[in-house]
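*Asks:* FYI, the numbering for the sequence shown is 127 to 303, going by our numbering. Don't be surprised by glycine CBs; every beta carbon is placed ideally from N, CA and C. Mind looking over this structure? Questions follow.
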Amino acid sequence: MSQVSVGQLCELFGQIAEGKITGEAVQELLERASRLAFPQILKKVLQQARKTAAELSNPYSRVEALAAIAGASHEARDFEAARKTAAELSDPYSRAKALAAISGASHEARDLEAARETVAEISDPYWRAKALAAIAGALAEARDLEAARKTAVEISNPYSRVEALAAIAGALAEAVG
Numbered sequence: 127m128s129q130v131s132v133g134q135l136c137e138l139f140g141q142i143a144e145g146k147i148t149g150e151a152v153q154e155l156l157e158r159a160s161r162l163a164f165p166q167i168l169k170k171v172l173q174q175a176r177k178t179a180a181e182l183s184n185p186y187s188r189v190e191a192l193a194a195i196a197g198a199s200h201e202a203r204d205f206e207a208a209r210k211t212a213a214e215l216s217d218p219y220s221r222a223k224a225l226a227a228i229s230g231a232s233h234e235a236r237d238l239e240a241a242r243e244t245v246a247e248i249s250d251p252y253w254r255a256k257a258l259a260a261i262a263g264a265l266a267e268a269r270d271l272e273a274a275r276k277t278a279v280e281i282s283n284p285y286s287r288v289e290a291l292a293a294i295a296g297a298l299a300e301a302v303g
């Protein structure tokens, strides 16, 4: 497989800026590449893509491209690169949404410490609550009910907190019964 040139990436992001290609299509392409077992090549492509995306003059296109790159990085299980890319997102909503997805992927990979570190970076209460609820749910599924309870109590949104605690109570009832 040949290396992707910066020119090709600029052309790709230009097409995104013109609306010819969506950020979702780029993310799907990168996710497929990650499933084809090219992690090192993918990592280099994503590094080049981040540099190129940072140079986009259209703020909307830059956010869309960076969000797609963050998503592809977390799909490739390169959580550190995904977090760095998400941190570059200037739009607080997009940044929080990307970080919540990365936190979710980290907990799915059973890297709960990375998931918690990512949650700490989420400033938006809604996305922070969603990420904490996902972590609490994973802990409950793993039957670490005390850690799940402690995580659920950190959720600031009362509805999400009650929902998480109810799920933990259900897991406890299953464990006892």
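Using three-state DSSP, classify residue 211 as helix, strand or coil.
*Replies:* In this structure, residue 211 counts as helix in the three-state DSSP scheme.
*Asks:* From 266, 270, 284, 268, pick the residue whose C-alpha is nearest to that of residue 254; which is it?
*Replies:* Ranking the options by Cα distance to residue 254, first place goes to 284.
*Asks:* Which residue wins for smallest C-alpha separation from residue 271, given the options 250, 252, 293, 169?
*Replies:* Of the listed residues, the one whose Cα sits closest to residue 271 is 293.
*Asks:* Check residue 286 in the structure and name its three-state DSSP category.
*Replies:* In this structure, residue 286 counts as helix in the three-state DSSP scheme.
*Asks:* Using the three-state DSSP reduction, which class does residue 280 fall into: helix, strand or coil?
*Replies:* In this structure, residue 280 counts as coil in the three-state DSSP scheme.
*Asks:* Can you list, in chain order, the residues of its chain with a C-beta nearer than 7 angstroms to that of residue 222? Leave out the 5 residues immediately preceding and following it.
*Replies:* Only 248, 249, 250, 253 meet the Cβ criterion.
*Asks:* Going straight from the alpha carbon of residue 227 to that of residue 257, what length do you get?
*Replies:* Distance between the alpha carbons of residue 227 and residue 257: 8 angstroms.
*Asks:* What is the DSSP secondary structure of residue 143, counted as helix, strand or coil?
*Replies:* Residue 143: helix per DSSP, three-state reduction.
*Asks:* Between the C-alpha atoms of residue 212 and residue 197, what's the straight-line distance to the nearest angstrom?
*Replies:* Their backbone Cα atoms lie some 9 angstroms apart in a straight line.
*Asks:* Given that a residue counts as buried once 16 or more other Cβ atoms are within 10 Å of its Cβ, and exposed if not, what is residue 210?
*Replies:* Exposed, because fewer than 16 other Cβ atoms sit within 10 Å of the Cβ of residue 210.
*Asks:* If residue 278 sits next to residue 287, beta carbons under 8 angstroms apart, how far is it from one beta carbon to the other, in whole angstroms?
*Replies:* About 6 angstroms separates the two Cβ atoms, so the contact holds.
*Asks:* Measuring CB atoms only, is the region 178-188 touching the region 201-209, in the sense that at least three cross pairs come out at less than 8 angstroms?
*Replies:* As far as the Cβ criterion goes, the region 178-188 does not touch the region 201-209, which means the pair count is below three.
*Asks:* If I measure Cβ to Cβ from residue 262 and keep anything under 7 angstroms in the same chain, skipping five residues before and after, which residues do I get?
*Replies:* Result list for residue 262: 274, 277, 278, 290, 294, in chain order.
*Asks:* From residue 301 to residue 264, what does the alpha carbon distance come to, in whole angstroms?
*Replies:* Residue 301 and residue 264: Cα-Cα distance of roughly 15 angstroms.
*Asks:* Which residue marks the beginning of the alpha helix (DSSP H) containing residue 261, and which one marks its end?
*Replies:* Here the alpha helix (DSSP H) through residue 261 covers 251-267.
*Asks:* From which residue to which residue does the alpha helix (DSSP H) around residue 182 run?
*Replies:* Neither: residue 182 is in no alpha helix (DSSP H) and is coded neither H nor E.
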